[in-house]
Amino acid sequence: RAGADILDVNVGVPGIDEPAVLARAVRTLQATCPAPLQLDSADPAAIDAAARGYAGRAMVNSVNGKAANLAAVLPVVARYGCTVVGLTLDEDGIPPTAEGRLAIARRIVAAAEEHGIPREDVAIDCLVMAAATNQDEVREILRAVTLCKQELGVRTVLGVSNVSFGLPARPLVNSVFLAAAFGAGLDMPILNPLSARYGDTVNAFRVLNGQDGGAVRFLEDYAHAADPYDGPAAAASEGVPAPDPTGSAAAAEECPVPVTDAFTEDAEAVRSMVSYVLQGRDAPMAAATADLLGRHDGIAIINDVFVPVLDEVGRRYDAGAFFLPQLMAAAEAVKAGFDVIRAQTADGVAEEGACVSAMSGGSAATGSAAPDADRAIIVATVEGDIHDIGKNIVKMLLENYGFSVIDLGRDVAPEAVLAAVRETGARLVGLSALMTTTVGAMERTIALVHEACPGVRLMVGGAVVTAEFAASIGADFYAKDAAESARIATAFFG
1 RAGADILDVN VGVPGIDEPA VLARAVRTLQ ATCPAPLQLD SADPAAIDAA
51 ARGYAGRAMV NSVNGKAANL AAVLPVVARY GCTVVGLTLD EDGIPPTAEG
101 RLAIARRIVA AAEEHGIPRE DVAIDCLVMA AATNQDEVRE ILRAVTLCKQ
151 ELGVRTVLGV SNVSFGLPAR PLVNSVFLAA AFGAGLDMPI LNPLSARYGD
201 TVNAFRVLNG QDGGAVRFLE DYAHAADPYD GPAAAASEGV PAPDPTGSAA
251 AAEECPVPVT DAFTEDAEAV RSMVSYVLQG RDAPMAAATA DLLGRHDGIA
301 IINDVFVPVL DEVGRRYDAG AFFLPQLMAA AEAVKAGFDV IRAQTADGVA
351 EEGACVSAMS GGSAATGSAA PDADRAIIVA TVEGDIHDIG KNIVKMLLEN
401 YGFSVIDLGR DVAPEAVLAA VRETGARLVG LSALMTTTVG AMERTIALVH
451 EACPGVRLMV GGAVVTAEFA ASIGADFYAK DAAESARIAT AFFG
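Just so we're aligned: 190 in my numbering is position 190 of the sequence shown, and the numbers increase by one with no gaps anywhere.
The following block contains the structure:
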């Protein structure tokens, strides 16, 4: 009713018979909803079961550039005459460049045509990354859309809201990206049709693109409507702060970290370093640390300056005063300071080990190159899931708190996690999942590690994971965000 042209149907939660449930959901929906359906599952058997009973040509979400995935999914698509979404990722992950994404898209189209699926039945998803963590890649995504349209002649798909992950005023960011993506050649945005801002962007673009001939629909909807974004009140209603003409919001704040007695004579330097971390300024942080290191012990700087300011960053993030880019920039600033301490210490390895030992209650040190099994943590995105933004943020923060982090990457099989536990002796494992279709792999990983290594504990997190779900799959800890993972690790290692 709100204008969605296609409905994506996903029932992927652990413990169900997904082929049976997806088929039942599709039968129920098509009996009451006129919109075509997209069958969304990582299980080819579920797609087969749902497509078999679908009255029409369903769209399948999705296939990707992995050889095994192409071989498993495309025969099902061809058998039932479906259309299909192709994701530009393969065994090596998501390419950072437009050309890399285009190469995978070309491979998907060629494989589809080999199975008798014409390219007009293929829609390529160039996979939106978050601007908060992959800012330069946003332009590459838009270029990739254009290249796929120009060189392959296929339709294009994008999950619009991914771009604003970790930022405030997400509808604003999403709507601007949506407009840019339309200009790049986007045909099928995945978005919330109940959002007025998205609807306005779509309706306006249809006028500019000639799809709304004579602007008939636009005139009907907007001829007598007030501009919903006119004025501070409207901005506030959208979650966007109104401009501050006085500049008072930028006024200098009191230093939130107390200066300890040991640093009384360098109080101003400490306050400056706190400010550098809160502003995410790594270059002046490195210089300030080098200066302070000439008069104070490295461990004291870490414990009295780095740790308290990182705790303050965590508090601000929890309170919604800081967002993902600020969290990451602050962590990078602290890392710059610690790198100076390590480099300027006569025996860097011994000093780093001493720092880690001294900070068992929570710290801002970077883990050593050779993992310390006593404070080692394995992190991984579970099998079938290629999203690693959250996992990468957790890794960065844990390293800043002095833990040795062993990053297994994304799409990691349960057996690979277990092998890493046995090889490294790590006693804590962090697992991440963003998609409902991959939480089953998280449950399997937990069961496998618990059975083979009873003393190892697992913490889980991700967009689709809740505290209740974590408990239901046997996880030992639930981390709602990166800051919570650091608190869990600190308490675990005591």
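Every residue, glycine too, gets a C-beta built ideally from N, C-alpha and C.
In the DSSP assignment, PHE477 is bridged to MET459. Note on ARG281: 16 or more other CB atoms within 10 angstroms of its CB, so buried under the neighbour-count rule. CA-to-CA, the gap between LEU178 and ALA2 works out to about 18 Å. Taking every protein chain shown into account, the CB of GLY214 has fewer than 16 other CB atoms within 10 angstroms, so this residue is exposed. Nearest to VAL307 by alpha-carbon distance, out of VAL259, GLN344, PHE322, is VAL259.
Contact between ILE406 and THR424 holds: their C-beta atoms lie close to 6 Å from each other, under 8 Å.
In this structure, the CA atom of ILE393 is about 30 Å from the CA atom of VAL9. Residue pairing for THR289: DSSP places it in no beta bridge.
Burial of PRO189 is indicated by the presence of at least 16 other C-beta atoms within 10 angstroms of its C-beta.
Note on geometry: alpha-carbon atoms of THR28 and GLY474 lie some 33 Å from one another. By the CB criterion at 8 Å, ALA68 and PRO19 fall outside the cutoff.
Residue range 135-147 is occupied by the alpha helix (DSSP H) that includes VAL145. Boundaries of the beta strand (DSSP E) harbouring VAL63: 59-64, taken from the DSSP string. For SER41, there is no enclosing beta strand (DSSP E), as DSSP gives it neither H nor E.
ASN162 is positioned such that its CB atom lies no closer than 8 Å to that of ALA111. Counting only residues of its own chain and dropping the five nearest sequence neighbours on each side, CYS255 has a CB closer than 6 Å to the CB of ARG271, VAL274. In the three-state reduction of the DSSP assignment, MET188 falls in the strand class, which pools E and B. Collapsing the DSSP output to three states places GLY337 in a helix. Contact check for LEU158 and VAL138: beta-carbon distance about 11 Å, past the 8 Å limit, so the pair fails to qualify. ILE446 and ASN203 have their C-alpha atoms some 47 Å from each other. If you look at SER432, you'll find it isn't in any alpha helix (DSSP H); it sits in the beta strand (DSSP E) that goes 428-432. In this structure, the beta-carbon distance from GLY12 to THR436 falls below 8 Å. Counted as a single uninterrupted DSSP element, the beta strand (DSSP E) harbouring SER404 occupies residues 404-407. Pairing VAL85 with SER62 gives a Cβ-Cβ distance under 8 Å. Per the coordinates, the alpha-carbon of ASP121 lies some 47 Å from the alpha-carbon of ARG316.
At the C-beta level, LEU428 and VAL417 stay beyond 8 Å of one another. Look at ILE488 here: in three-state DSSP terms it is helix. Going by beta carbons, GLU140 and PRO193 fall outside the 8 Å limit. Contact check for VAL277 and VAL334: beta-carbon distance about 6 Å, within the 8 Å limit, so the pair qualifies. Just measuring C-alpha positions, the residue of LEU37, THR32, PRO454, GLY15 sitting nearest ASP5 is LEU37. DSSP places THR156 in the uninterrupted beta strand (DSSP E) bounded by 155-159.
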